[in-house]
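Sequence order for the protein chains is H and C.
Sequential numbering of the first sequence, starting at 8, is according to the numbering used here.
Sequential numbering of the second sequence, starting at 21, is according to the numbering used here.
Beta carbons are placed, not taken as given, at the ideal position from N, Cα and C, and that holds for glycine.
Values in this document were obtained by computation on a predicted structure and should not be read as measured data.
Report on the following structure.
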Amino acid sequence: MDDALSAEAEMVHDRPGRLREFWFYFRENRGAVIGLWIFAVFAFLAIFGPWIAPHDATQQFRAATLQPPVWQEGGTWSHILGTDPLGRDMLSRLIVGARYSFFVGIVVVSIAASGGIIVGLISGFAPKWLDTIIMRIMDIILAFPSLLLALVLVAILGPSLTNAMIAIAIVLQPHYVRLTRASVISERQKDYVTSARVVGAGTLRLMVVTVLPNCLAPIIVQAALSFSTAILDAAALGFLGMGAQPPTPEWGTMLAEAREFILRAWWVVTFPGLAILVTVLAINLMGDGLRDALDPKLKRS
Amino acid sequence: MLKYVLSRLATFIPTFIGVTLISFAFIRVLPGDPIVVMAGERGITEERYAQLQQQFGFDRPIYVQFWDYFTGVLQGDLGNSFVTKKPVWDEFFSLFPATLELSICAMIFAVALGLPAGVIAAVNRGKFFDRALMSTALVGYSMPIFWWALLLIIVFSGNLGWTPVSGRIDLLYYFPNATGFMLIDSLASGQDGAFLSALRHLLLPTIVLGTIPLAVIARQTRSAMLEVLGEDYIRTARAKGMSSGRINGIHALRNALIPVITVIGLSVGTLLAGAILTETIFSWPGIGKWMVDSIFRRDYPVVQGGLLLIAVMVMVVNLTVDMLYGIINPKIRKR
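Written out as structure tokens, the structure reads:
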């Protein structure tokens with residue numbers, strides 16, 4: 008009670024910082040906070056995975072191929088989630104695999120977002136003809152179903168995780184362009200931009216310093232959502248044999264390797280997919296929370 | 021309205037040319053010389069190589085090649101498959117009904133469950149039912165569908181033995197391929213159990229392909245309903261003493277449907293992308309599996325032609341949705 012009162016008193020004195028205000032709204036969404044915690048565990052595993060994993064991810068225990076998880080008959084504590092057809096420890100592979108998905112998410116979002124923001128800014132400030140050309144090119148990319156375009160791009164570049172990331176980044180990038188351009192155009196008409204121009208700010212300064220910070224909210228939300236899309240698509244490409252190549256313990260690739268054993272050993276199929284689902288779900292929950300916290304229209308004042 | 025239609029068409033044409041250009045470019049950038057690929061493991065003499073290069077026109081300037089390709093596309097000529105030697109156009113349209121049948125069933129599944137779920141969630145906003153439905157929808161939305169397919173196979177085909185794992189119908193049955201839609205053809209054939217067999221083959225792929233659209237539609241319906249339920253005319257209807265079933269079902273839903281229809285139209289791309297995975301897993305002989313197989317076989321004309329046809333199809337559907345939207349909502353036309 009006292010805390011609430013003093014916090015209120017503080018709020019009267021000085022406006023809370025942006026970050027604190029954001030956290031205030033974000034915290035209200037319980038799902039988003041749970042998502043954040045799961046994401047934190049995911050990030051932790053991605054960084055420290057190889058040191059935490061009980062076994063080496065590629066070590067083959069020849070005596071224990073397709074061993075079931077510990078709670079089933081025949082399971083042992085040394086392989087808690089069982090082993091795969093080559094006798095590799097499932098739990099270790101899942102833990103080590105976290106870093107591939109995390110890496111995919113980070114790299115894809117960085118490339119797609121930075122590229123998209125730059126192109127979107129240019130498009131928003133450019134003369135009409137250039138803007139039209141840029142937007143038509145984005146329309147063309149968006150006309151192809153994303154997974155199909157990524158698949159064909161990977162076929163051109165050669166199947167590997169790096170090429171899969173490049174392909175997915177290219178496919179996701181138009182969303183950022185559109186989003187940035189739309190916010191730039193609506194911001195440009197506002198008075199503060201005009202006044203900055205009157206004071207003598209150059210176009211580059213207007214773009215990067217004046218307008219861009221005010222366009223970031225929807226882009227951040229999009230970044231969170233495309234983080235999960237990137238993980239899903241990379242796993243799908245891995246599953247089709249066009250992403251990470253065996254023996255990399257990438258989750259989608261693990262699923263592809265395990266496919267023929269589905270009716271004999273449910274665990275080799277269930278756990279990698281569950282890992283993908285939980286991660287993607289956590290990120291989407293976070294994305295929903297971010298949107299609610301950053302979108303002023305939805306804020307309850 | 022005419023102006024709106026024309027302006028939408030004006031953006032369609034350059035996009036179409038661009039899409040053609042991109043799918044044309046792919047065959048020239050793909051690693052491996054297409055002629056060497058065609059020759060296979062026996063190799064090829066230099067004379068024959070030059071002859072083939074001339075035959076396919078690879079020795080001419082690139083813009084001439086593109087012009088030929090573009091005019092060919094407009095006449096429905098997409099070249100022949102390296103593997104089957106049949107025209108890509110014919111192959112596409114002989115396989116397309118399988119994908120269309122699957123997509124339509126998936127969409128019916130998604131709408132039939134998603135629409136009521138969204139309405140019920142919106143009406144019970146904040147209550148247990150709303151939360152349970154929306155959490156489920158978020159799980160569905162985050163679902164790696166290739167894994168979902170495998171799980172369903174484990175449970176329904178493996179443990180319960182209810183559904184077959186692959187194909188469109190049991191090999192037992194044979195009948196002419198009149199419409200290309202297995203459900204209709206099997207029913208028309210009049211053979212005992214054929215229709216049931218087709219239906220059982222269709223069940224799991226439909227669920228798998230429909231899952232993400234289902235989640236999207238449920239979420240979209242809920243938010244559209246919530247928005248409409250806050251409008252004044254709903255309050256008026258309530259004040260008049262109208263029953264809540266009538267308000268929710270007729271007055272609110274009708275207006276909430278507009279954004280939902282857009283979402284349904286826009287999920288065609290999602291469906292086709294999902295079809296790639298679903299068809300590969302269930303060995304469903306549609307265009308998704310055809311594309312994946314062709315990519316692995318380096319059957320360039322097929323990859324090129326398929327990519328183009330799929331993109332054009334997505335564009336046409338989006339254009340149609342835009343037009344419909346313009347008809348339903350006059351405000352859009354003014355922009």
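Name the DSSP bridge partner or partners of residue i?
i: residue 79/C; result: According to DSSP, which records beta bridges pairwise, residue 79/C is partnered with nothing at all.
i: residue 90/H; result: 96/H
Could you have a look at residue i and say whether DSSP puts it in helix, strand or coil?
i: residue 355/C; result: Low per-residue confidence applies at residue 355/C: pLDDT is 48, beneath 50, and the placement is therefore not dependable, though the value from the model is reported in the following sentence. Correct three-state label for residue 355/C: coil.
i: residue 100/C; result: strand
i: residue 107/C; result: strand
i: residue 277/H; result: helix
i: residue 300/C; result: helix
i: residue 96/H; result: strand
i: residue 255/H; result: coil
i: residue 317/C; result: helix
i: residue 102/H; result: helix
i: residue 249/H; result: coil
i: residue 269/H; result: coil
i: residue 84/H; result: coil
i: residue 133/H; result: coil
i: residue 88/C; result: helix
i: residue 225/H; result: helix
i: residue 78/H; result: coil
i: residue 167/H; result: coil
i: residue 152/H; result: coil
i: residue 176/H; result: helix
i: residue 295/H; result: helix
i: residue 240/H; result: helix
i: residue 74/C; result: helix
i: residue 64/H; result: coil
i: residue 306/C; result: coil
i: residue 73/H; result: coil
i: residue 95/C; result: coil
i: residue 65/C; result: coil
i: residue 21/C; result: coil
i: residue 308/H; result: Annotation note: pLDDT 34 at residue 308/H (below 50); position unreliable, coordinate value reported separately. It is coil, neither helix nor strand.
Are residue i and residue j close, meaning C-beta to C-beta below 8 Å?
i: residue 299/H; j: residue 107/H; result: no
i: residue 103/H; j: residue 56/H; result: yes
i: residue 240/H; j: residue 175/H; result: yes
i: residue 45/H; j: residue 231/H; result: no
i: residue 62/H; j: residue 99/H; result: yes
i: residue 143/C; j: residue 275/C; result: no
i: residue 21/C; j: residue 265/C; result: no
i: residue 183/H; j: residue 123/H; result: yes
i: residue 72/H; j: residue 93/H; result: yes
i: residue 297/H; j: residue 228/H; result: yes
i: residue 125/C; j: residue 199/C; result: no
i: residue 66/H; j: residue 25/H; result: no
i: residue 109/C; j: residue 97/C; result: yes
i: residue 284/C; j: residue 127/C; result: yes
i: residue 327/C; j: residue 151/H; result: yes
i: residue 272/C; j: residue 254/C; result: yes
i: residue 280/C; j: residue 244/C; result: yes
i: residue 280/H; j: residue 167/C; result: yes
Taking residue i and residue j to be in contact with their CB atoms under 8 Å, please state how far apart those CB atoms are, rounded to whole angstroms.
i: residue 104/C; j: residue 111/C; result: 7 Å
i: residue 179/H; j: residue 127/H; result: Incorrect: roughly 13 Å between the Cβ atoms, too far for contact.
i: residue 39/C; j: residue 331/C; result: 5 Å
i: residue 310/H; j: residue 35/C; result: Because residue 310/H is not part of the residues shown, which for chain H are 8 to 308, the question remains open.
i: residue 170/C; j: residue 27/H; result: Actually they are not in contact, since the Cβ atoms of residue 170/C and residue 27/H sit about 45 Å apart, beyond 8 Å.
i: residue 50/H; j: residue 110/H; result: No, residue 50/H and residue 110/H are not in contact; Cβ-Cβ is about 11 Å, not under 8 Å.
i: residue 293/H; j: residue 39/H; result: 5 Å
i: residue 249/H; j: residue 158/H; result: 6 Å
i: residue 116/C; j: residue 339/C; result: Actually they do not touch by this definition, with Cβ atoms about 19 Å apart.
i: residue 299/C; j: residue 201/C; result: 16 Å between Cβ atoms; not a contact.
i: residue 218/C; j: residue 189/C; result: 5 Å
i: residue 288/C; j: residue 228/C; result: With 8 Å as the limit, residue 288/C and residue 228/C do not qualify as a contact, their Cβ atoms being about 17 Å apart.
Every unbroken alpha helix (DSSP H) inside the stretch 144-227 of chain C [4 residues or more]
As far as the stretch 144-227 of chain C is concerned, its whole alpha helix (DSSP H) runs of at least 4 residues are 148-161, 165-172 and 202-209.
Of all the alpha helix (DSSP H) runs that stay within the bounds of the stretch 180-223 of chain H, which reach a length of 4 or more residues?
For the stretch 180-223 of chain H, the continuous alpha helix (DSSP H) assignments of 4+ residues that do not extend past its boundaries occur at 198-206, in sequence order.
Kindly provide the ranges of any alpha helix (DSSP H) runs that are 4 or more residues long and lie completely inside the stretch 249-298 of chain C, ordered along the chain.
Counting whole runs of 4 or more residues, the stretch 249-298 of chain C contains the alpha helix (DSSP H) stretches 252-259.
Beta strand (DSSP E) segments (min. 3 residues) lying fully within the stretch 20-61 of chain H:
With a minimum length of 3 residues, no continuous beta strand (DSSP E) run stays inside the stretch 20-61 of chain H.
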